[in-house]
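Take a look at the structure set out below.
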Amino acid sequence: MIKMNKIPINFYQDEILYSVLARYHHRSGNVDNRDTIEEAFGTRNLVPTIYFPTHLNHLASRTFLSSDELIEKHTLFPLYSCFLPEKRKLEILMFMKGSSKSSIYTKIGTVAGSICTKTGLYYCPLCVKESLYEYGEGYFRRGHQIQGVFICHIHNCVLYQYSQTYSNESRLSFIRLDEKKINYEVKFYEDGKLFEDIAMIANNAQYLLDCNLSNVNQNIIYNKYMQFIRNRNLLSGNGTVYQSDLYYEFSKFYSNDLLNILESNINIESESNWLKMLTRKPKRVTHPVRHILLINFLSRNFSLFFSKKIQSYKPFGNGPWPCLNVACSYYKKLVINNCKVTIDYKTKSPVGTFECECGFIYSRMGSDVNKDDIYKIGRIKYFGNVWNDKLKSLTLENRSVREIARLMNCDSKTVIKYSKLNSIIEEKRIKEKTKLDPATKSKEEKKRKNVNLSINNRVDWGSRDNEIIDMLKSTYIKLLNKEPMVRITRSLLGKTILKSALIYYYLDKLPITRNYIDEITETTEEFQIRRVDNICEKLGSDGEILKKWKIVRIANLRSNYSNKVEERIRYNIDKYNNYLKF
């Protein structure tokens, strides 16, 4: 209630503050609008605004409501609040309460990100009838003034624009709802998917106004997006959104008619389209209606989206996980504390990789559902020296291949493969030794018949590891700058530093080298992306307008290159061509 000049004015449910002041001005008898402005806000130098009024601390001192209550219950700020960075949210609240001349509209993003702009005030004829019956007068509801809301969330009927607008009145005037100027004809959208989506926008916009979401900000919303997107298998292991797949599913969910009406069509070719902006690290403020579209698409339930706690992505649980090397003394014991999670490119399923100190590395696709899932192996990446030593020991006992396979928990082909590999290494060692000492040739040949290669304990593998890593680091820089460009592979690295045998046969003894090689080697897709970046940088630095066909031709890409490569091409085109415009 307002009591200025002894005239009590009530605040009605969901009434926009501008409507309250217009009703006060009408009853006060003030002839000059500036008199009402000064009484309400303590200054004559202010223009009444519908959406984000200022000087509310002064107005609160003339009412029974605090400035926080005025903002929360009678302005449109709560609609935007949870989509703003925390710092900017606090700044805007300070501006609305005080007398700052800074542009709130610029800070809140309505200048650059405005859609479905409304001029004047809007009303629902049925809401007006109900308020006339209950209070004896009508008023303007704040939910009806939202850009992108076309129907009443209570009655689902079409909203009308009030006949009196700023276009034919002074900007300083207060426009009061006069029941004599109301169009009481009730209109509805035809039933169907379009109506359902328009009603969804109205209902969820009102949800944002009514629910106290002051503890939510832009960063929290983004993290929630990532969680729901991951649940839809649209997020890579490193946190990159599969934008093409997201766009495909989003465009199937909403009709073009709806997106046209909401001025929210998406140009998938553009790196700055609003859907990509919302699903990347937040840098800009986007209109709440577009957030509503994305939230509804991801969760189908607004209250679920806001109530669901953000959880760390742990498809394989919290650990620890067991070593599954049958040759290890820790077999099936929970000794692995780290799990590296990636996403399979084809199936979009999570892949967990587990490494024991014994050198045994295995992976498993899909999340762990049952408690026994932790003892399953999808793929063995490295057997390690402990496993290999056990294989050699069993071979020395002249056991059959089938028996060794059973004891080593692998198939017969694996036993044969590693036995042959060990024999090749042993044979090379023998040849090198007999060249230096022919007298030992007969002895070594006899030994070769019964023994596979054992670990050469005389080699300082730690020093060898450090030696090779230094060589690889300098070589890697040279290969990155090589013309023409080459794909970084383990084979190429080994050949370049003349250590192919060590890298191929003894990598399990060189953990630092192995990790570095895993880090710098490229898949075909990764090499194609690096090649695209390099070509675009050269063309862009020459001031040339980038064209997709030319990039594809110079990069020698086949027609079946991946969506990630396609996205990288589009990203570079937007990046360099936009730069050239300036």
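In my numbering, the protein residues as written are 32 to 613. A virtual CB, placed ideally from N, CA and C, is assigned to each residue, including glycine.
Taking 7 Å as the cut-off, decide whether the C-beta atoms of residue i and residue j are in contact.
i: residue 218; j: residue 180; result: no
i: residue 176; j: residue 40; result: no
i: residue 135; j: residue 123; result: yes
i: residue 12; j: residue 326; result: Outside the displayed range of the chain (32 to 613) lies residue 12, so it cannot be described from this structure.
i: residue 395; j: residue 415; result: no
i: residue 56; j: residue 72; result: no
i: residue 582; j: residue 560; result: no
i: residue 173; j: residue 54; result: no
i: residue 328; j: residue 284; result: yes
i: residue 111; j: residue 319; result: yes
i: residue 101; j: residue 87; result: yes
i: residue 634; j: residue 388; result: Because the chain is modelled from 32 through 613, residue 634 falls outside the range shown and cannot be assessed.
i: residue 496; j: residue 543; result: yes
i: residue 205; j: residue 107; result: no
i: residue 50; j: residue 170; result: yes
i: residue 203; j: residue 61; result: no
Tell me which residue opens and which closes the alpha helix (DSSP H) that residue i is part of.
i: residue 386; result: Unbroken run through residue 386 is the beta strand (DSSP E), 381-386; no alpha helix (DSSP H).
i: residue 158; result: 156-166
i: residue 152; result: Unbroken run through residue 152: none, as it is neither H nor E.
i: residue 105; result: 98-105
i: residue 123; result: 117-128
i: residue 319; result: 319-330
i: residue 290; result: 287-292
i: residue 333; result: 333-338
i: residue 237; result: 224-241
i: residue 108; result: 108-112
i: residue 203; result: Taken as a continuous stretch (DSSP letters only), residue 203 belongs to no alpha helix (DSSP H), as it is neither H nor E.
i: residue 307; result: 305-309
For the beta strand (DSSP E) that residue i lies in, which residues bound it at each end?
i: residue 367; result: 365-367
i: residue 411; result: 410-413
i: residue 395; result: 392-396
Within 10 angstroms of the Cβ of residue i, are there 16 or more other Cβ atoms? Answer buried if so, exposed if not.
i: residue 261; result: buried
i: residue 599; result: buried
i: residue 125; result: exposed
i: residue 70; result: buried
i: residue 399; result: buried
i: residue 505; result: exposed
i: residue 515; result: exposed
i: residue 281; result: buried
i: residue 480; result: Only weak support is given to the placement of residue 480: the predicted model assigns it a pLDDT of 46, under 50, and the value that follows is read from those uncertain coordinates. Burial call: exposed.
i: residue 532; result: exposed
i: residue 368; result: exposed
i: residue 237; result: buried
i: residue 427; result: exposed
i: residue 44; result: exposed
i: residue 486; result: Confidence at residue 486 is low in this model, with a pLDDT of 39, below 50, so its placement is unreliable and the value that follows should be read with caution. Exposed, because fewer than 16 other Cβ atoms sit within 10 Å of the Cβ of residue 486.
i: residue 159; result: buried
i: residue 162; result: buried
i: residue 192; result: exposed
i: residue 417; result: buried
i: residue 199; result: Caution is warranted here: a pLDDT of 44 is assigned to residue 199, below 50, making its placement in the model unreliable, and no coordinate value can be reported.
i: residue 95; result: exposed
i: residue 578; result: exposed
i: residue 406; result: exposed
i: residue 235; result: buried
i: residue 596; result: buried
i: residue 511; result: exposed
i: residue 67; result: buried
i: residue 121; result: exposed
i: residue 517; result: exposed
i: residue 613; result: Any answer about residue 613 is weak, because its pLDDT of 42 lies below 50 and its placement is not dependable; what the coordinates show is given next. Classification for residue 613: exposed.
Name the DSSP beta bridge partners of residue i, please?
i: residue 371; result: 384
i: residue 354; result: 362
i: residue 182; result: 189
i: residue 272; result: 266
i: residue 46; result: 172
(Q) Which complete alpha helix (DSSP H) runs does the segment 512-595 hold, if anything under 4 residues is left out? (A) Entirely contained in the segment 512-595, the alpha helix (DSSP H) runs reaching 4 residues are, in chain order, 521-527, 531-536, 542-551, 555-572 and 579-585.
Q | Uninterrupted alpha helix (DSSP H) stretches inside the segment 65-93 (no shorter than 4 residues) | A | With a minimum length of 4 residues, the continuous alpha helix (DSSP H) runs that stay inside the segment 65-93 are 87-91.
Q) Which parts of the segment 411-436 are runs of the alpha helix (DSSP H), unbroken and 4 residues or longer, counting only runs that do not cross its ends? A) Taken in chain order, the complete alpha helix (DSSP H) segments of 4 or more residues contained in the segment 411-436 are 415-427.
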